[in-house]
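> Just so we're aligned, residue 13 is where the sequence shown starts under the working numbering, counting upward by one.
Heads up, the beta-carbon is just placed ideally off N, CA and C, and yes, glycines get one too.
Note that the coordinates shown come from a computational prediction; the quantities given were computed from them, not determined experimentally.
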Amino acid sequence: MSAPLRRAAHAAASSSARLHAARLFASAAPPPHDAFLRLPSHSSPPLSRATAAPVAPVNYSFCKPDYNGPDMSYDPPGRHHLFVPGPVNISESVQREMMRQSVNHRDPFFPQLTFGLLRDLKRLFKSEEGTPYIFPSTGTGAWESALTNTLSRGDKVIMPRYGLFSHLWIDQAQRLGLDVDIMDERWGDGADEARIQAALEADTQHEVKAVCVVHNETTTGVTSDVAKVRAALDAAGHPALLLVDGISSIGACEFKMDEWGVDVAITGSQKALSLPTGLSFCCVSEKAKEAAKASQLSKVFFSWSDMDKMNAEGNFPYTPSIPLLYGLRKQLDRMLAEGMDGVIARHAKHAEGTRRAVKAWGLELLCENPRWHSNSLTVVKTPEGIDSTDMVRSMWAKYNLSLGTGLDQVKGKVFRIGHLGDMNEVMLLGALAGTEMGLIDAGVQIEAGAGVGAALEFFQETSAVIPSRHIFEYPGDSPMRATVY
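#1: Suppose the cutoff is 8 Å on Cβ atoms and the five residues either side in sequence are ignored; what does the same chain contact list for S315 look like?
#2: If you measure between the beta carbons of G142 and S297, is that distance less than 8 Å?
#3: Take the Cβ of I182 as the centre, count every other Cβ of all protein chains shown within 10 Å, and call the residue buried at 16 or more, exposed below.
#4: In three-state DSSP terms, what is D201?
#5: State the CB to CB distance for the pair D257 and V226, rounded to an integer number of angstroms; the pair is presumed to be in contact (CB under 8 Å).
#6: Pick out whichever of E376, A264, K138 has its Cα sitting closest to the Cα of W272.
#7: Could you have a look at S388 and say whether DSSP puts it in helix, strand or coil?
#8: Hey, does V312 have any beta-carbon neighbour from chain B nearer than 8 Å?
#9: Could you tell me the alpha carbon to alpha carbon distance between H54 and S85, rounded to whole angstroms?
#10: Quick check: what's the CA-CA separation for K221 versus Q282?
#11: I'd like the list of long-range same chain contacts for Y497, defined as Cβ closer than 6 Å, with 5 residues on each side in sequence excluded.
#12: Name the one or two DSSP bridge partners that A363 has.
#13: For the alpha helix (DSSP H) that R405 lies in, which residues bound it at each end?
#14: Are the CB atoms of K393 and L413 within a distance shorter than 8 Å?
#15: Rounding to the nearest angstrom, what Cα-Cα distance links A277 and G151 in this structure?
#16: Helix, strand or coil, according to DSSP, for Y145 in the structure here?
#17: Run through DSSP, which three-state label would P123 get?
#18: Any idea what DSSP makes of F427, helix, strand or coil?
#19: Do you know how far the Cα of C265 is from the Cα of V67?
#20: Within this structure, are the beta carbons of L287 and L336 separated by less than 8 Å?
#21: Helix, strand or coil for D191? Go by DSSP, reduced to three states.
#22: So, H92 versus N327, is the Cβ gap smaller than 8 Å?
#23: Nearest by alpha-carbon distance to R367: which of Q184, V355, S114, L468 is it?
#24: Under 8 Å between the Cβ atoms of D420 and T231?
#25: Exposed or buried, which one is D402 when buried takes at least 16 other CB atoms within 10 Å?
#26: Quick check on this structure: which residue in V312, S317, C295, F313 has the alpha carbon closest to the alpha carbon of K305?
#27: Can you give, in chain order, each stretch of the beta strand (DSSP E) that sits fully within the segment 300-375 and has at least 3 residues?
#28: Where DSSP assigns a beta bridge to G416, which residues make up the other side?
#29: I need the straight-line Cα distance from D399 to G424, nearest angstrom please.
#30: Please report the straight-line C-alpha distance between I478 and V464, rounded to a whole angstrom.
#31: Are the Cβ atoms of G365 and L440 separated by less than 8 Å?
#32: Kindly indicate which three-state DSSP category A222 falls into: helix, strand or coil?
#33: May I have the straight-line CA-CA distance separating G202 from S103, to the nearest angstrom?
#34: Taking buried to mean at least 16 other C-beta atoms within 10 Å of its own C-beta, is R242 buried or exposed?
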């Protein structure tokens, strides 16, 4: 086409576009509400203003063993909003690292990766003296590792129970043949240090071999005070080991293994470490390694001695998950660049902002005592007559938002907002907005924007300029200048 013809065609197209735009916006009347509703699929009834509040609970009765699941062929626009207390959001840089070409774990370069990971895991646990181990398992495997490497059948252990996960660790201990002294607490409270101290003082023959505490109970949003549990052991003058489940706390809540005298600390990759499920970690004191020499419980896959032999060479007793190790390397680099104290402060800020939103909604926390509030998640009571399970499922169906449901004793009574791992304030505000819409849909009488506004105000006041971006900071005493939390 010649240049004059191209110019003429362009002019005609531009004129047509202007005419189309003029027709489109000619009407002074605003578009109807229904114009903004998601178009119905062939299998869904048309949406209307009447369905906005309350939303009928999603019917999951079709989810039977012989059912293949709902049709997931439709991929909704935007991101899925994942705010459960694990699995958590994974940064794109970590995902790219895990997509690197696979290698032979027996290659000469591999020990350099292993040694670096073991070195930096000690910084995660805040331990100079501990020995870290990496297992290809979930946190349940780390539980088993802690028990089987330090104890023998019939040994007596003290285990407080204040949620589903502390209960499951107790169940595992009993099935391994341990004699468990269960200390039941209200679901919403943490470990009672005074009860632990009294039990240890009464044990004059030192029959109790270990005290096992879940640091952060994700059923209830409770973080027990490990430092005070250690103080209870010391006050009783008791030699029992202190084993701590830090699966959902380490990397989100303050944890000081050496300072608190923890003998075995465990965690998992799918929580504050912001990795896929599949790695668990133990950090072990010298006292625990001495106890391991006398342990009679069977262990093969989770044997510390097998790990010691291979880790000394920079390798593992079995083929490791190389992509997960690559991801771990990248994520540790990111956390150490932020600074572990900075990581904990970020989680504390997100937790406080979430609690302010809950207060503005007029709802109550399951954890009533502020000393046990969790940095990892917030567990919220639903008003009488509202089933939290149905509400959470409706949020997933309508807003593509995943929150945690209530478990076991608190099933249907609470919902759980996870705010741990790779997250920032804007992401969390999106989750709080979705939660607020879901609460209104369920019939909770709250003012739209109340909770989000409370969190937004707190985050705006306490957020600092991101490191390396200070060049864009507002100068001097400008009211726009970022403040440090």
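Taking the coordinates as given:
#1: Position 303 of the sequence shown, counting from 1, holds the residue named residue 315. By the criterion of a C-beta distance shorter than 8 Å, S315 is surrounded in its chain by N161, P329, once the five residues flanking it on both sides are discounted.
#2: For the purposes of this step, residue 142 is identified with residue 130 of the sequence shown, where counting begins at 1. For the purposes of this step, residue 297 is identified with residue 285 of the sequence shown, where counting begins at 1. In terms of Cβ geometry, G142 and S297 form a close pair [threshold 8 Å].
#3: On the sequence shown, residue 182 is found 170 positions in, with the first residue counted as 1. The residue in question, I182, is buried, as its Cβ has 16 or more Cβ neighbours within 10 Å.
#4: In the sequence shown, the residue the question calls residue 201 occupies position 189. DSSP places D201 within a strand segment (E or B) once states are collapsed to three.
#5: Here residue 257 refers to the residue found at position 245 when the sequence shown is read from its first residue. Here residue 226 refers to the residue found at position 214 when the sequence shown is read from its first residue. By a beta-carbon distance limit of 8 Å, D257 contacts V226. Their separation comes to about 4 Å.
#6: In the sequence shown, counting from the first residue as 1, residue 272 sits at position 260. The candidate whose alpha carbon is nearest that of W272 is K138.
#7: Start at 1 with the first residue of the sequence shown, and residue 388 comes out as number 376. Of the three classes helix, strand and coil, the one that applies to S388 here is coil, per DSSP.
#8: Although the question refers to chain B, the structure presented lacks it and comprises just one protein chain.
#9: Within the sequence shown, residue 54 is the residue found at index 42, counting from 1. Within the sequence shown, residue 85 is the residue found at index 73, counting from 1. A caution first: H54 carries a pLDDT of 43, below 50, which makes its placement in the model too unreliable to give a value.
#10: Within the sequence shown, numbered from 1, the residue matching residue 221 stands at position 209. Within the sequence shown, numbered from 1, the residue matching residue 282 stands at position 270. Looking at the two C-alpha atoms, the distance is approximately 30 Å.
#11: Taking the sequence shown and counting its residues from 1, one reaches residue 497 at position 485. Per-residue confidence for Y497 stands at a pLDDT of 38, beneath the threshold of 50, marking its modelled position as unreliable; no derived number is given.
#12: Looking up residue 363 in the sequence shown gives position 351. DSSP, once it has assigned bridges, lists no residue as partnering A363.
#13: Here residue 405 refers to the residue found at position 393 of the sequence shown. Annotation: the continuous alpha helix (DSSP H) that includes R405 extends over 400-411.
#14: Residue 413 sits at position 401 when you count from the first residue of the sequence shown. Residue 393 sits at position 381 when you count from the first residue of the sequence shown. A distance of 8 Å or more separates the beta carbons of L413 and K393.
#15: By one-based count along the sequence shown, residue 277 stands at place 265. By one-based count along the sequence shown, residue 151 stands at place 139. It is roughly 11 Å from the alpha-carbon of A277 to the alpha-carbon of G151.
#16: Along the sequence shown, read from residue 1 onward, the residue named residue 145 stands at position 133. Looking at Y145 - three-state DSSP - the assignment turns out to be strand.
#17: Translated into positions along the sequence shown, residue 123 becomes position 111. Three-state result, P123: helix.
#18: Stepping through the sequence shown from its first residue, residue 427 is reached at position 415. F427: strand per DSSP, three-state reduction.
#19: Numbered from 1 along the sequence shown, position 55 holds the residue referred to as residue 67. Numbered from 1 along the sequence shown, position 253 holds the residue referred to as residue 265. Any reading at V67 needs caution, since the residue's pLDDT is 47, under 50, leaving its predicted position unreliable; the model's value is listed next. It is roughly 36 Å from the alpha-carbon of V67 to the alpha-carbon of C265.
#20: Locating residue 287 in the sequence shown gives position 275, where the first residue counts as 1. Locating residue 336 in the sequence shown gives position 324, where the first residue counts as 1. In contact: L287 and L336 (Cβ atoms closer than 8 Å).
#21: To locate residue 191, count along the sequence shown from 1; it is residue 179. D191: strand per DSSP, three-state reduction.
#22: Position 80 of the sequence shown holds residue 92. Position 315 of the sequence shown holds residue 327. At a Cβ-Cβ threshold of 8 Å, H92 and N327 do not count as neighbours.
#23: Taking the first residue of the sequence shown as position 1, residue 367 is located at position 355. Comparing Cα-Cα distances from R367 to each of Q184, V355, S114, L468, the minimum goes to L468.
#24: Taking the first residue of the sequence shown as 1, we reach residue 420 at position 408. Taking the first residue of the sequence shown as 1, we reach residue 231 at position 219. Yes, the pair counts as a contact, with Cβ atoms nearer than the cut-off.
#25: As a first step, residue 402 is located in the sequence shown; it is residue number 390 there, counting from the start. Classification of D402: buried, given that the 10 Å Cβ count is 16 or more.
#26: Within the sequence shown, residue 305 is the residue found at index 293, counting from 1. For the residues V312, S317, C295, F313, the minimum Cα distance to K305 belongs to S317.
#27: If we require 3 residues or more, the segment 300-375 turns out to have no beta strand (DSSP E) run fully inside it.
#28: For the purposes of this step, residue 416 is taken as residue 404 along the sequence shown, with counting starting at 1. Answer is R428, bridged to G416.
#29: Position 387 of the sequence shown, counted from the start, is the residue given in the question as residue 399. Position 412 of the sequence shown, counted from the start, is the residue given in the question as residue 424. If you take the alpha carbons of D399 and G424, they lie about 5 Å apart.
#30: Reading the sequence shown from its first residue, position 466 is the one you call residue 478. Reading the sequence shown from its first residue, position 452 is the one you call residue 464. When rounded, the distance between both Cα atoms is 22 Å.
#31: If you number the sequence shown from 1, residue 365 lands on position 353. If you number the sequence shown from 1, residue 440 lands on position 428. Going by C-beta atoms, G365 is nearer than 8 Å to L440.
#32: Here residue 222 corresponds to residue number 210 of the sequence shown, with the count starting at 1. The answer is strand: DSSP assigns A222 an E or B state.
#33: Your numbering for residue 202 matches position 190 in the sequence shown. Your numbering for residue 103 matches position 91 in the sequence shown. Here the alpha carbons of S103 and G202 stand approximately 32 Å from one another.
#34: Taking the sequence shown and counting its residues from 1, one reaches residue 242 at position 230. With 16 or more other Cβ atoms inside 10 Å of its own Cβ, R242 counts as buried.
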